[in-house]
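Chains as they are written, first to last, in this note's numbering: chain Z, 11 to 211; chain Y, 11 to 211.
First comes the structure, then the notes that go with it.
Protein chains: 2
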Amino acid sequence: MTAVVNEIILASRSPRRAEILSRMGFRFSVHVRPVDENIRIPEPEPHVLALSVRKAEAVRSGFPHALIVGADTIVFHNGRILGKPAGPDEAAAMLRDLSGATHQVYTGFAILHPDGRAVKDCVVTDVTFRALADWEIRRYADSGEPLDKAGAYGIQGGAGVFVDRIDGCYYNVVGFPVSRFHERLCGLVGEEGGRKLKVES
Amino acid sequence: MTAVVNEIILASRSPRRAEILSRMGFRFSVHVRPVDENIRIPEPEPHVLALSVRKAEAVRSGFPHALIVGADTIVFHNGRILGKPAGPDEAAAMLRDLSGATHQVYTGFAILHPDGRAVKDCVVTDVTFRALADWEIRRYADSGEPLDKAGAYGIQGGAGVFVDRIDGCYYNVVGFPVSRFHERLCGLVGEEGGRKLKVES
C-alpha cells in the first residue's frame, strides 16, 4: 500500500529553487539542516547526486510523511568544478575563466518518498558566455551577487547579459530543472498525485 | 559629430521587456504610442523587424534626443505565426499545437539614434515542449496568463514546467534578447556610451 503524500519539503536554502517551485504551482515548505558539502568527488554528476541525497536525508527524520526534495548545482569548465566563490577576487577569476567559452551547469536532485522509495536525477545544460570586458567582470564581481552562486553568476540576474546562448533546460541553470523534476515526481506519485501537490488554480 | 545620448526610451508596453532591461542595469523610461500591428508579412523575421521599427518610430518625434527601442516577439510553428490568443479556447488550441514539439521564437528589435542612424536585428530560439496532459493545457489556458503572450505561454511563468529545453537565447523567449541588444547598442554608441546608459553600481 502506498502512503498518500500531500506535502513537499524543500531541503534547500536557495531562494531561487523556492521561487521556481512556487512559480510552477507547487505547495511546499523549506527546511534545511546543515550538511558537510565538502565531498571529494571530482566528476560532476556523481558529485551533485551525492550532495542532493545528503541534503534530503538530513531533514528526513523530521518529516516522516512528506516528500523530501534535495538539490545541488555546480558549474563545470575545463575539467574543474566551480562552486561558490569565496570573495569578489575569486568571483572575478571565475568569470574571466568562463568569458568567451561554453561551460556546463549540472543540477542534481533527489526525491525521497515516505514509503522508502527514492528517485534521483541530474540535468546538464550548456551555457555560452560572450567575451566579457574587464570592467563588466569587475563591476559584477564587486556587486555581491556572485557570492552565493556556483560559478559566480546568476543567469536570472545581472549576468543574464553575459549569456549568448544556452542549450538545454534554462531552469537547470537557475538551480532547479523543473520540467525533469515534474516528470520524475509524476513517476513517483502518479499524475493525479502530482496534481494534488499543487495549489488549486 | 555624434550627439551624446543619455536616455533610452522603451517603446513597448511589455512588463517583461522592462523587467529584463532593468535587471540588466539600464536606465530607461517607457513610452508607447498605438501602432497598427496587423501587417501581412508571413515570414517571421521581416515581420518582427517591421513591427519593431514601426513601434519605435511611433514615439520618435516626442523624444528627439533619446535612443528609441522597439521590439516585437512571435512564435513560429509549422509555417505559421502565432500571436496573442483571443481567449482561453484559442490559447488551449495553440498549446495543444505546441505540445511535444519544437517551435521557434523570434524577437526583433530596433534602436533609433537621434543622429538618424538605426540598427535592427532579430534573434531566433528553438523551444521544445514536452508532451502536455490535457488537464495541464486546460488549467494554464484558463489561468489568464496566456492572453497577453505570443504563442499563449510565458516561459518565465507557469509554462516553465512545459519546456523541456531551449536552444539559443533564453531572454529572447521572454521577449527581449538582451545579450544581442547589448552588443548592438555598443556598436551604435560605443562601449563607454553603453556604460553611461546604465545605473551606477
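Note that CB positions come from ideal geometry on N, CA and C, so glycine has one too.
Supposed close pair residue i, residue j - CB separation, criterion 8 Å
i: residue 139 of chain Y; j: residue 172 of chain Y; result: 5 Å
i: residue 58 of chain Z; j: residue 116 of chain Z; result: 5 Å
i: residue 81 of chain Z; j: residue 15 of chain Z; result: Residue 81 of chain Z to residue 15 of chain Z, Cβ: 18 Å. No contact.
i: residue 18 of chain Z; j: residue 79 of chain Z; result: 6 Å
i: residue 209 of chain Z; j: residue 35 of chain Z; result: 5 Å
i: residue 64 of chain Z; j: residue 133 of chain Z; result: The pair is not a contact, with the Cβ atoms about 19 Å apart (cut-off 8 Å).
i: residue 107 of chain Y; j: residue 177 of chain Z; result: So it is not a contact: roughly 24 Å between Cβ atoms.
Residue of the options minimising C-alpha distance to residue i
i: residue 186 of chain Z; options: Y/40, Y/170, Y/177, Y/203; result: Y/170
i: residue 39 of chain Z; options: Z/47, Z/45, Z/27; result: Z/27
i: residue 193 of chain Z; options: Y/174, Y/121, Y/152, Y/145; result: Y/174
i: residue 95 of chain Z; options: Z/19, Z/152, Z/81, Z/184; result: Z/152
i: residue 97 of chain Z; options: Z/128, Z/90, Z/148; result: Z/148
i: residue 111 of chain Z; options: Z/78, Z/136, Z/18, Z/100; result: Z/136
i: residue 62 of chain Z; options: Z/128, Z/88, Z/114, Z/103; result: Z/128
i: residue 119 of chain Z; options: Z/31, Z/203, Z/17, Z/102; result: Z/31
i: residue 131 of chain Z; options: Z/47, Z/34, Z/198, Z/24; result: Z/198
i: residue 201 of chain Y; options: Z/93, Z/178, Z/146, Z/41; result: Z/146
i: residue 158 of chain Z; options: Z/206, Z/205, Z/93; result: Z/93
i: residue 100 of chain Z; options: Z/20, Z/167, Z/156, Z/205; result: Z/156
i: residue 41 of chain Z; options: Z/179, Z/55, Z/20; result: Z/20
Whole-angstrom distance between residue j and residue i, CA atom to CA atom
i: residue 188 of chain Y; j: residue 66 of chain Y; result: 17 Å
i: residue 49 of chain Z; j: residue 83 of chain Z; result: 14 Å
i: residue 141 of chain Z; j: residue 109 of chain Z; result: 5 Å
i: residue 161 of chain Y; j: residue 44 of chain Z; result: 43 Å
i: residue 143 of chain Y; j: residue 33 of chain Z; result: 19 Å
i: residue 91 of chain Z; j: residue 52 of chain Z; result: 7 Å
i: residue 203 of chain Z; j: residue 196 of chain Z; result: 7 Å
i: residue 22 of chain Y; j: residue 29 of chain Y; result: 12 Å
i: residue 24 of chain Y; j: residue 60 of chain Z; result: 42 Å
i: residue 181 of chain Z; j: residue 182 of chain Y; result: 15 Å
i: residue 88 of chain Y; j: residue 163 of chain Z; result: 36 Å
i: residue 37 of chain Z; j: residue 105 of chain Y; result: 24 Å
i: residue 114 of chain Y; j: residue 179 of chain Y; result: 11 Å
i: residue 167 of chain Z; j: residue 154 of chain Z; result: 12 Å
i: residue 55 of chain Z; j: residue 206 of chain Y; result: 42 Å
i: residue 102 of chain Y; j: residue 74 of chain Z; result: 39 Å
i: residue 11 of chain Y; j: residue 47 of chain Z; result: Low confidence applies here, because residue 11 of chain Y scores a pLDDT of 48, under 50, leaving its location unreliable; read the following figure in that light. For residue 11 of chain Y and residue 47 of chain Z, the distance between alpha carbons rounds to 58 Å.
Any chain Y beta carbon closer than 7 Å to residue i
i: residue 116 of chain Z; result: no
i: residue 27 of chain Z; result: no
i: residue 178 of chain Z; result: yes
i: residue 137 of chain Z; result: no
i: residue 37 of chain Z; result: no
i: residue 211 of chain Z; result: Its pLDDT being 47, under 50, residue 211 of chain Z is placed unreliably by the model, and nothing is read from it.
i: residue 113 of chain Z; result: no
i: residue 174 of chain Z; result: yes
i: residue 57 of chain Z; result: no
i: residue 34 of chain Z; result: yes
i: residue 198 of chain Z; result: no
Any C-beta of chain Z under 7 Å from that of residue i
i: residue 204 of chain Y; result: no
i: residue 24 of chain Y; result: no
i: residue 181 of chain Y; result: yes
i: residue 3 of chain Y; result: Here chain Y comprises residues numbered 11 to 211, so residue 3 of chain Y is not present and cannot be evaluated.
i: residue 189 of chain Y; result: yes
i: residue 192 of chain Y; result: yes
i: residue 11 of chain Y; result: At residue 11 of chain Y, the pLDDT of 48 sits below 50, so the modelled position is not reliable; the number obtained from the coordinates is stated separately. Chain Z contact via Cβ: absent.
Q: State whether the stretch 66-82 of chain Y contacts the stretch 112-132 of chain Y, with contact taken as three or more CB pairs (one from each stretch) at a distance under 8 Å.
A: yes
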